[in-house]
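Counted from 1, the sequence shown has number 119 at position 120 by numbering that gives the first Met the number 0; the numbering is strictly sequential. C-beta atoms are modelled at their ideal positions from N, C-alpha and C, and glycine is treated no differently.
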Amino acid sequence: MLPRTIRLTAATIVALGLLTACSGETSGSADPSASPSSSGASSGGAGPKVPAPLPTDDLLNNPCNVLNADEAAKEGFIYPGRTVNESSVSCSFKSTGNPLNSVSIGALPQNKNGISDIYDQKAQSAYFEPVTVNGYPGVLADAHDGRPSGNCQLWLGVTDQLAVSIVPQISAGQHKADPCGFAQEVAGVVVDHLKAAA
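Next up, the structure:
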């Protein structure tokens, strides 16, 4: 039986703590040529604007609702996920094939400038790679580089005021070699789910 208490990865907690502690500061800015979008920066920082705000009620109140049963099954997750309470509320979805593999999805409402707050912390990131997921700006970034161990952190801008963290922890299997690619795949499903709820 799976344990009822599931914790975020240490890397996620470190990143959330770093960003929360530095909320409101602008200690760095992104290279404009590295921006994943040409739509311009949000008024709160260096990050790109989202093309259209997505609904955030589930992300803030019940992040386990950001995937339905069919979406979770398609990604190989046990449904429903388990709510995790750390510095923010997130949901952990365990793999159907390996209970040591999981993906955590959660929002960071403490940072009021969405993905711009992540861009403003670029100097503290062990890796920083802007991406676009189904038209929405994202960035692969974390204070610790756990990618060789199957961990990756993707921040996704869903509104100009809210970023979502998607963190695969892959101990074994096909996604261990590219956890960031899997994070983007899951993020695409989340975007489509939120668009359908709009």
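Residue i, DSSP secondary structure in three states
| i | result |
| --- | --- |
| Tyr135 | strand |
| Ile169 | coil |
| Cys90 | strand |
| Ser42 | Its pLDDT being 43, under 50, Ser42 is placed unreliably by the model, and the measurement read from it follows with that caveat. Ser42: coil per DSSP, three-state reduction. |
| Glu70 | helix |
| Ala182 | helix |
| Asn60 | helix |
| Ser148 | helix |
| Val83 | strand |
| Leu193 | helix |
| Ala125 | coil |
| Val49 | coil |
| Ser32 | Residue confidence is low: Ser32 scores 26 on pLDDT, short of 50, so the model does not pin down where it sits. Its coordinate-derived value is still stated next. In the structure shown, Ser32 sits in a helix (DSSP, three-state: H, G or I). |
| Gly187 | helix |
| Asp177 | coil |
Closest residue to residue i among the options (Cα-Cα distance)
| i | options | result |
| --- | --- | --- |
| Ser115 | Lys73, Leu161, Ile104, Leu59 | Leu161 |
| Gly180 | Thr131, Val163, Lys194, Thr158 | Thr131 |
| Pro108 | Lys121, Ala140, Asp159, His192 | Asp159 |
| Leu153 | Ile165, Val65, Gly145, Phe92 | Ile165 |
| Ile104 | Tyr78, Ser89, Pro178 | Ser89 |
| Ser91 | Gly113, Glu128, Ala197, Asn64 | Asn64 |
| Ala197 | Gln183, Glu184, Pro167, Val157 | Val157 |
| Gly145 | Pro129, Leu155, His192, Ala125 | Ala125 |
Extent of the continuous alpha helix (DSSP H) to which residue i belongs
| i | result |
| --- | --- |
| Ile117 | 114 to 118 |
Exposed unless 16 or more other CB atoms sit within 10 angstroms - verdict on residue i
| i | result |
| --- | --- |
| Asn60 | exposed |
| Ala45 | buried |
| Asp56 | exposed |
| Asp69 | exposed |
| Asn84 | exposed |
| Ala195 | exposed |
| Ala176 | exposed |
| Ala142 | buried |
| Pro147 | exposed |
| Ala140 | buried |
| Ala106 | buried |
| Ala122 | exposed |
Residue interval of the beta strand (DSSP E) (run including residue i)
| i | result |
| --- | --- |
| Ala106 | 101 to 106 |
| Gly156 | 153 to 158 |
Given 8 Å, three or more beta-carbon pairs between the segment 84 to 99 and the segment 169 to 182: yes
Stretch-stretch touch, CB-based, cutoff 8 Å, three pairs: the segment 133 to 143 with the segment 43 to 55: yes
Sufficient close CB pairs (3 or more, under 8 Å) joining the segment 68 to 75 to the segment 188 to 195: yes
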